[in-house]
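Position 81 (the sequence shown) corresponds to 81 in this note's numbering; numbering is contiguous. Here is the structure we will look at.
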Amino acid sequence: MKPLSGDFKRASRRLGFVLIMSVILLGQGVSRASGNTSMMPVTCKVMPTLEASFPESLDFGDVAPTRDPDGSYVISDTQVVKIWSNTEWALTMRSDSADGRMTKWTGDGYSSETLTFPLEWQLNGEGEFMRIEGDDISVVQGQSPTDKYGTALRLLFRQLITYNDVPLLDPATFYRIEVTFTAIQVY
1 MKPLSGDFKR
11 ASRRLGFVLI
21 MSVILLGQGV
31 SRASGNTSMM
41 PVTCKVMPTL
51 EASFPESLDF
61 GDVAPTRDPD
71 GSYVISDTQV
81 VKIWSNTEWA
91 LTMRSDSADG
101 RMTKWTGDGY
111 SSETLTFPLE
121 WQLNGEGEFM
131 RIEGDDISVV
141 QGQSPTDKYG
151 TALRLLFRQL
161 ITYNDVPLLD
171 PATFYRIEVT
181 FTAIQVY
């Protein structure tokens, strides 16, 4: 066998060196590519939220006084206010009448005629009836956050009708008061 020339040996060594380095470098590149990681933070901020549903209207219908004052009270069906809140909450109500009395409504506005006694309310069928006023009245306060089903407050309204109350014979007129509910979060 013929001995290898020096050029061939050098070329073979260079080729071997290049092949070895290529394998090493490619191996590191593959290793790095499969070992790369990245972290992505995912964040959010839950905001205080309150939702509420309120009764739309209440009509006592045609009412009349009786000799017995207790029999002259007209009591509404249950009116439900429902609250959903993720913080503590409260509910207030007020009327557009400073003294809480229903006033004759002509269709265009209020007249000066009012019922003798104020509209009254009661919460969840408990306790005494209380009069509605023109200032905010606390219905409930410091209530705990609700679950997904919310909290239902059941209100009854009561109006005493007496012989001192002027009858309204015009079908376009009636006694009226507006009640405004306000649900607020307390933190």
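Glycine included, each C-beta is placed from N, C-alpha and C at the ideal position.
Cβ-Cβ distance between residue i and residue j below 7 angstroms
i: D165; j: L119; result: no
i: T162; j: P65; result: yes
i: R131; j: G107; result: no
Closest residue to residue i among the options (Cα-Cα distance)
i: V186; options: L160, E133, M130 and T92; result: T92
i: E126; options: V140, E113 and D136; result: V140
i: G109; options: F117, D96 and S144; result: D96
i: L123; options: V18, A152 and W105; result: A152
i: Q143; options: R67, S12, E88 and V42; result: E88
Length of the line joining the Cα atoms of residue i and residue j
i: S111; j: Y175; result: 10 angstroms
i: V81; j: Y149; result: 13 angstroms
i: A90; j: R158; result: 23 angstroms
i: M102; j: I184; result: 26 angstroms
i: L160; j: V179; result: 17 angstroms
i: D188; j: S53; result: Past the boundaries of the shown model lies residue 188; the chain is included only from 1 to 187, so the question cannot be answered.
i: T43; j: V63; result: 59 angstroms
i: I24; j: M39; result: 29 angstroms
i: D68; j: S76; result: 19 angstroms
i: F129; j: F60; result: 17 angstroms
i: D7; j: I20; result: 20 angstroms
i: P167; j: K104; result: 10 angstroms
i: W121; j: P41; result: 52 angstroms
i: P171; j: G71; result: 25 angstroms
i: L15; j: N36; result: 31 angstroms
i: S138; j: V74; result: 23 angstroms
i: R13; j: S22; result: 14 angstroms
Other residues of its chain near residue i: CB distance less than 6 angstroms, five sequence neighbours each side excluded
i: W84; result: E51, T146 and G150
i: N86; result: T49 and P145
Residue i, buried or exposed, once every other Cβ within 10 Å from all chains shown has been counted against 16
i: A98; result: exposed
i: L155; result: buried
i: F117; result: buried
Contact set for residue i: own chain, Cβ-Cβ below 8 angstroms, skip 5 residues either direction
i: G134; result: R94, S95, D96, S97, A98, D99 and G100
i: Q79; result: P55, L58, R154, L155, L156 and F157
i: V46; result: N86
i: I177; result: S95, D96, S97, G100, R101, M102, T103, L119 and I132
Beta-carbon proximity list for residue i, same chain, < 7 angstroms, skipping 5 on both sides
i: F181; result: F54, V81, L91 and M93
Proximity test, residue i beta-carbon vs the ligand COA heavy atom, cut-off 6 angstroms
i: Q185; result: Absence of the ligand COA from the depicted structure is noted, as is the absence of any ligand whatsoever, leaving it without description.
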